[in-house]
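Heads up: take any position in the sequence shown, counting from 1, add 191, and you land on our numbering. In this text, a Cβ means the ideal position worked out from N, Cα and C, and glycines have one as well. Only one structure is covered here, and it is reproduced in the block below.
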Amino acid sequence: MNSRRIFLQKASASAVAISIPYLPSFSKPFSRIEEQPTQSDKVLRVAIMGLGSYGSRVAQAMEDSKRAKLVGLISGTPSKVEVWKEKYSIPDKNCYNYENFDAIKDNPDIDAVYVITPNALHKEQSIRVAQAGKHVICEKPMAINAAEAKEMVDACDRAGVKLLIGYRMHFEANTLKVVKMRKAGEFGTIKFFQGLSGFMIGDPTQWRLNPALSGGGAMMDIGIYSINGARYMTGEEPIWVTAQEVKTDPVKFKEGIDETITFQMGFPSGVIASCLSTYSMNNLDKFFLNGTKGFAEMQPSTGYGPIKGRTNHGPLDEPHIMHQTVQMDQMARIIFDGVEPEIPVDGREGLKDMVIIDAIFKAVKTGEKVSLG
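Rendered as structure tokens:
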């Protein structure tokens, strides 16, 4: 959090360009996962780090996975480890705490660690996992700023392990259908994207409202969906951002925790994205993509339940499978079979979102348009 504060304080009153280093163009063609032959039936053996509510969801999802299996636990709460050990039949030798988990380097039963801890812990924990020679799956946002994200990418590159980010929507069937339609030109020339992401957050003592652990508020947690969605729905990378913040409850949403930010992104083709990220309004989970020949509307667009929506051709009605089940199966294919997903989920993809989030915070601070590139 200190690094972001220093970064913002140094921002000039004029627009400042923010570079996205070493990143391939998002518009490069990717092979659709469902068109790739399975090279093996090898199962990805996963340890979950962070046994909270989302960790529970991932563990439940892997019970139905064909290519991923929960085999290990990493937690700072011994009582949780005991409950999970019994529930998922995890042996003692595959259980660790936050101090000793580096010992996984000597455990051949674990292939990858899924880091599902507060945002500010992701960088250190992910790098330690990589240094132990295990593949890293890190929940989004992958870090609290782009500098940390870049360190994670570099560390995994040096260690020769995969770094994947938990972008479950990148494997969701209706989302992929819209992306395929856009690539096929069925919407014509894309002109506009709208992303609305938000809900009313509860418990004021939770870690998401602690800047030292979260690195930010609604933008980190929920606004990132609109950022990421704008990129894969349009197929372009933004070249500028503007943003405005509104804070109605400075007690709950203290310094360093954004309550509501509206932000705009401009893309090379002229597409404009208009987005909202908030912790103070419900009923906000909507994507709208508009082109010269048609449109796609999704609501809910990123929730856990079935993604629903329609295009100018009719309803989006692909079968719903638990997102995390599909995600873990497909990540096994990425790691073991060399499959390239339709929408990337690697560390460089996560880094792109962090660069944009940094720029949005800078735009809020300066009131100026911030250039990317």
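Assigned secondary structure, residue i (DSSP; H/G/I helix, E/B strand, else coil)
i           : result
residue 547 : helix
residue 503 : coil
residue 565 : Only positions 192 to 564 of the chain appear in the structure, and residue 565 is not among them; the question remains open.
residue 301 : coil
residue 464 : strand
residue 414 : helix
residue 483 : coil
residue 244 : helix
residue 366 : helix
residue 471 : coil
residue 306 : strand
residue 442 : coil
residue 562 : strand
residue 378 : coil
residue 333 : coil
residue 254 : coil
residue 420 : helix
residue 232 : coil
residue 448 : coil
residue 396 : coil
residue 342 : helix
residue 212 : At residue 212, the pLDDT of 44 sits below 50, so the modelled position is not reliable; the number obtained from the coordinates is stated separately. Looking at residue 212 - three-state DSSP - the assignment turns out to be coil, as it is neither helix nor strand.
Same chain only: Cβ atoms within 8 Å of residue i, ignoring 5 sequence neighbours per side
i           : result
residue 455 : 432, 433, 434, 463, 464, 465, 466
residue 215 : Residue placement at residue 215 cannot be trusted, given a pLDDT of 36 that sits under 50; the coordinates are not used to answer.
residue 511 : 364, 496, 497, 498
residue 356 : 328, 329, 330, 331, 333, 536, 537, 538, 540, 541
residue 370 : 423, 424, 426, 533, 534
residue 253 : 237, 259, 260, 261, 515, 516, 519
residue 269 : 288
residue 560 : 206, 431, 432, 433, 554
Beta-carbon contacts of residue i that lie in its chain and below 6 Å, excluding the five residues immediately before and after
i           : result
residue 366 : 360
residue 287 : 265
residue 481 : 382, 383
residue 272 : 264, 266, 286
residue 492 : 476, 477, 478
residue 416 : 388, 493
residue 317 : 306, 327, 329, 343
Beta strand (DSSP E) segment containing residue i, residue limits
i           : result
residue 236 : 235-240
residue 436 : 431-437
residue 385 : 381-389
residue 326 : 326-329
residue 354 : 354-356
residue 452 : 451-457
Own chain partners of residue i with C-beta closer than 7 Å, once the 5 adjacent residues on each side are dropped
i           : result
residue 380 : 482, 483
residue 490 : 476, 477, 499, 500
residue 225 : With a pLDDT of 42 at residue 225, under the threshold of 50, the predicted position of this residue should be treated as unreliable, though the coordinate-derived value follows. None.
residue 419 : 358, 544
residue 398 : 309, 404, 405
C-beta neighbour in chain D for residue i, strict 8 Å
i           : result
residue 377 : No chain D is part of this structure, which consists of one protein chain only.
Start-to-end residues for the alpha helix (DSSP H) that takes in residue i
i           : result
residue 404 : 402-405
residue 321 : 313-322
Distance cut-off 7 Å: residue i Cβ against heavy atoms of the ligand ZN
i           : result
residue 524 : With respect to the ligand ZN, the structure offers nothing, as it holds no ligand at all.
List in chain order: all unbroken alpha helix (DSSP H) runs of 4+ residues lying wholly within the stretch 257-292.
Counting whole runs of 4 or more residues, the stretch 257-292 contains the alpha helix (DSSP H) stretches 269-279.
With three or more C-beta pairs closer than 8 Å as the rule, is the stretch 291-299 touching the stretch 318-330?
The stretch 318-330 is in contact with the stretch 291-299.
Note down, one range per segment and in chain order, each alpha helix (DSSP H) of at least 4 residues found wholly within the stretch 486-540.
The qualifying runs are 514-528.
Are at least three pairs of beta-carbons, each pair with one atom in the stretch 519-537 and one in the stretch 442-456, less than 8 Å apart?
As far as the Cβ criterion goes, the stretch 519-537 does not touch the stretch 442-456, which means the pair count is below three.
May I ask you to verify whether the stretch 507-522 touches the stretch 401-413, counting CB pairs closer than 8 Å and requiring at least 3?
The stretch 507-522 makes no contact with the stretch 401-413, as fewer than three CB pairs between them are under 8 Å.
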